[in-house]
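Trainee: Quick one: structure below, then a few questions.
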Amino acid sequence: MKLNPAQDQAVHFIGGPCLVLAGAGSGKTRVITNKIAYLVRKCDYKARNIAAVTFTNKAAREMKERVLQTLSKSEARGLMVSTFHSLGLDIIRREHKTLNLKAGFTLFDDQDQLALLKDLTEQELDGDKEALSRLVSTISNWKNDLVLPTRAARIAQDPEQVLFAECYARYQRQMKAYNALDFDDLILMPTLLLKTNDEVRQFWQNKIRYLLVDEYQDTNASQYELVKLIAGERARFTVVGDDDQSIYSWRGARPQNLVLLKDDYPQLKVIMLEQNYRSRGQILQCANILIANNPHDFEKKLFSDMAYEAPVRVLFAKNEEHEAERVVAEIMGHKFMNGAKFGQYAILYRGNHQSRLLEKQLMTNRIPYKISGGTSFFSRTEVKDMMAYLRLLVNPDDDNAFLRVVNTPRREIGPTSLEKLGTYANSRGKSLFAASFEIGLEQTLDGRGLMAVRAFCNWLVRRGEEAARGGAQDAVRDMIKDINYEEWLYESSPSPRAAEMRMQNVSTIFKWVSQMLEGSELEDAMTLPEVVIRLTLRDMMERGEDEDDGEQVQLMTLHSSKGLEFPYVFMVGMEEGLLPHQSSIDEDNIEEERRLAYVGITRAQQALTFTLCRERRQYGEQIRPEPSRFLLELPQQELDWEHNRKPPSETERMEKGQASVANLRAMFKK
DNA sequence: CAGAGGAGCCTTTTT
DNA sequence: GGCTCCTCTG
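Going by our numbering, the letters in the first sequence line up with residues 10 to 679, in that order.
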């Protein structure tokens, strides 16, 4: 397919900084992949000097695939396609000495982070959950704004901020002792380093000679800075974004970065992609009209040549079980009539918890499905345990991991022993592991407890040495064997069936680790420390044998659907309180929710179906939700409300204002 | 020290 | 309503 004039311009402009404002479905991935090909084939760039950065692993994977459809393997060799966080990790790994980090550092996920902060603030916050979560987000915001503890203390506004700054300093010291980093550090540390260290900056500017950033509207302050530092004076970069798809402001994303770029680079070339190649007419109409309710920095209007065909439907369900039943029945019926593949259907929802009933329903009907995103796999105890063991193998000073598995399976190391060990370690400023070997410990902890702890630590040393000697595979295998984990699973699981499932998950992890250690045609072999970090970054789902034969219904949150497209899309739970989410209604943050709805709608190619419930159970309580305001904002002539329960016409709504909602509610109760 | 049972929380979204 | 963490008991 030929590029349209705007796309063509976006691909071929390489003389300076370039901003591409790309509406949903306007072919931005095509622009990026074509541009990479253009740089390599026509402009004498080496693939290894080009980096393309996205936000999610899914997007990075997809882009890799797309590039390999355009470029041959040898042409693409060395091309860097990764998430911001992986790029940061690459920089840290190369510069870890300058950053004063030991090689086998651990990456703390948010649960580890939370546990540590809770521990560190026991006296001040005393388990006050709200304050704790404020602390977590305050620290994260500071890091995203490149604010270090000393400056945090200086800019603190009120007593709580002063306290938080002090906790922040404590937290950083402790992380150092654990040889651990958190997610925000993966951006913060490279950015600060590149800012202050000329030599390092030059190296990376020389390495990355052309930078492409996808989903630019999702960058936060430190990522914005990182882009600028890498691009340097020459400012050879292309960023692609859509302010209407900015759905991550809650984690520090600043869509204003799109506007800011104009000020920082007066020579910035701005290109708009407005032709949509994805969605049927009605669907695009819905998207356009919905998003017109938001204020805009850049006016853009998507248009399309695609035909109008089936209208967008709105289905009602009695309750959430019924909703799941209906969606699944719709999919089965539609598939039967049209001979589509299950993989062409996607079910999108606001919150992860909504997947449960859908899963159940799909399972009862023996429909294959795939849930992407969500934390379920990594939040299973057996998976967490295995991760903790792997982390200890690489970095025994990781106290969180230590505490998690020191007595799993049972090693006769109870809370009393651990408390004694903890107090001692604390007083010595050492990790639990390091403290275990000290002579001084014997005054606090003795006898069986001490023996058991030391036995465990010695075992860790042995396995760690084996891994460091290069036998990472063997070390991991021996580790699982040594701890008799399988036996422990059968002992501790409610049924043999459950134990089997759990062992499956353990095997999955083991399989992933092996594959990553060995590498593949497309990916270099990794070292064990790296494997462990990449697992924490969730940077590895389904590599190797692709069971994805296009026969799995796709389930995901609206957030993780961004950047994807599906022939048939269901958006479930279109109710006030769910979408828009109640907390966003309370905080008067409807615009972002509207963008979220916009993202969902624009995923659909052929058909779009909304569903909503008349009754829903929430915290065990029965509620009668109202239909989402977004449904009412859509162009009603394009909508097919089931049973012809159309809400009042546009003019009627204008005249009656609020009354339309009441009408609709009355209609519901029939 | 382990398992059972209860209190209390929860449902925003991700790297 | 269901999950996790905590406490109490054996």
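Cβ coordinates follow ideal geometry from the N, Cα and C atoms, glycine included.
Keep in mind it's a predicted model, so treat the numbers as computed, not measured.
#1: Do you know whose CA, among 472, 429 and 443, lies nearest residue 455's CA?
#2: Roughly how many whole angstroms lie between the Cα atoms of residue 90 and residue 244?
#3: Which residue's Cα is closest to the Cα of residue 621: 160, 72, 564 and 357?
#4: Output needed for residue 486: all residues of its chain with C-beta closer than 7 Å, excluding positions within five of it in sequence on either side, in chain order.
#5: Measuring CA to CA, which of 165, 80 and 321 is closest to residue 650?
#6: In angstroms with no decimal places, state the Cα-to-Cα distance between residue 587 and residue 56.
#7: When we look at the beta-carbon of residue 492 and count the other beta-carbons within 10 Å, is it buried (16 or more) or exposed?
#8: For a test of the three-state rule: what should DSSP assign to residue 577, helix, strand or coil?
#9: According to DSSP, which residues form a beta bridge with residue 630?
#10: Take residue 193 as the anchor and find which of 155, 577 and 517 has the nearest alpha-carbon.
#11: Which value, in whole angstroms, describes the spacing of the CA atoms of residue 658 and residue 614?
#12: Would you tell me roughly how many angstroms separate the C-alpha atoms of residue 475 and residue 396, rounded to the nearest one?
#13: So the alpha helix (DSSP H) residue 489 belongs to, where does it begin and stop?
#14: Which of helix, strand or coil does DSSP assign to residue 191?
#15: Rounded to the nearest angstrom, what separates residue 132 and residue 591 at their Cα positions?
#16: For residue 513, is the classification buried or exposed, using 16 other Cβ atoms within 10 angstroms of its Cβ as the cut-off for buried?
#17: At a cut-off of 6 Å, would you count residue 195 as near the ligand NAP, judging by its Cβ distance to the nearest heavy atom?
#18: Quick one: Cα of residue 210 to Cα of residue 237, how far?
#19: I'd like to confirm the pairing. Which residues does DSSP put opposite residue 582 in its beta bridges?
#20: In the DSSP assignment, what are the bridge partners of residue 281?
#21: Residue 42 and residue 79 - do their beta-carbons sit closer together than 7 Å?
#22: Any idea if residue 94 is buried or exposed, counting beta-carbon neighbours within 10 angstroms, 16 or more meaning buried?
#23: Which of the three DSSP states is assigned to residue 445 in this structure?
#24: Which of helix, strand or coil does DSSP assign to residue 378?
#25: Can you tell which of 332, 350 and 105 has the C-alpha that lies nearest to the C-alpha of residue 367?
#26: Taking Cβ positions, are residue 20 and residue 54 nearer each other than 7 Å?
#27: Output needed for residue 589: all residues of its chain with C-beta closer than 6 Å, excluding positions within five of it in sequence on either side, in chain order.
#28: Across which residues does DSSP place residue 250 in a beta bridge pair?
#29: Judging by CA-CA distance, which residue of 446, 45, 354 and 139 is the nearest neighbour of residue 617?
Mentor: The relevant details are as follows:
#1: Residue 455 has its Cα closest to that of 429, out of 472, 429 and 443.
#2: Each residue's Cα considered, the two are about 19 Å apart.
#3: It is 357 whose Cα lies nearest to the Cα of residue 621.
#4: Once the five neighbours on either side are set aside, residue 486 has no close Cβ partner at all.
#5: With distances taken between Cα atoms, residue 650 lies closest to 321.
#6: If I take the Cα positions, the gap works out to 44 Å.
#7: By the Cβ neighbour-count rule, residue 492 is buried, with 16 or more other Cβ atoms within 10 Å of its own.
#8: For residue 577, the secondary structure class from DSSP, reduced to helix, strand or coil, is strand.
#9: Answer by DSSP bridge pairing, in chain order: 627.
#10: That would be 155, whose Cα lies nearest to the Cα of residue 193.
#11: Because the pLDDT of residue 658 is 44, which lies under 50, any placement of that residue in the model is unreliable, and the number read from its coordinates should be weighed accordingly. Each residue's CA atom was taken as its position, placing residue 658 and residue 614 some 27 Å apart.
#12: CA-CA distance, residue 475 to residue 396, rounds to 18 Å.
#13: Run containing residue 489: 481-491, per the alpha helix (DSSP H) assignment.
#14: Under the three-state reduction of DSSP, residue 191 is assigned to strand.
#15: Between residue 132 and residue 591, the alpha-carbon positions lie close to 33 Å from each other.
#16: Exposed is the call here.
#17: Absent from the structure shown: the ligand NAP. Ligands present: none.
#18: One C-alpha to the other measures close to 11 Å.
#19: In DSSP, residue 582 forms no bridge with anything.
#20: The partner list for residue 281 (beta bridge, DSSP) reads 30.
#21: Between residue 79 and residue 42, the C-beta spacing is below 7 Å.
#22: Buried, since its Cβ has 16 or more Cβ neighbours within 10 Å.
#23: Helix.
#24: Per DSSP, reduced to three states, the secondary structure at residue 378 is strand.
#25: The residue among 332, 350 and 105 with its C-alpha nearest the C-alpha of residue 367 is 332.
#26: For residue 20 and residue 54, no; Cβs fall outside 7 Å.
#27: Closer than 6 Å at Cβ, skipping near neighbours: 599 and 602.
#28: Beta-bridge pairing links residue 250 to 30.
#29: If you compare the alpha carbons of 446, 45, 354 and 139 with that of residue 617, the shortest gap goes to 354.
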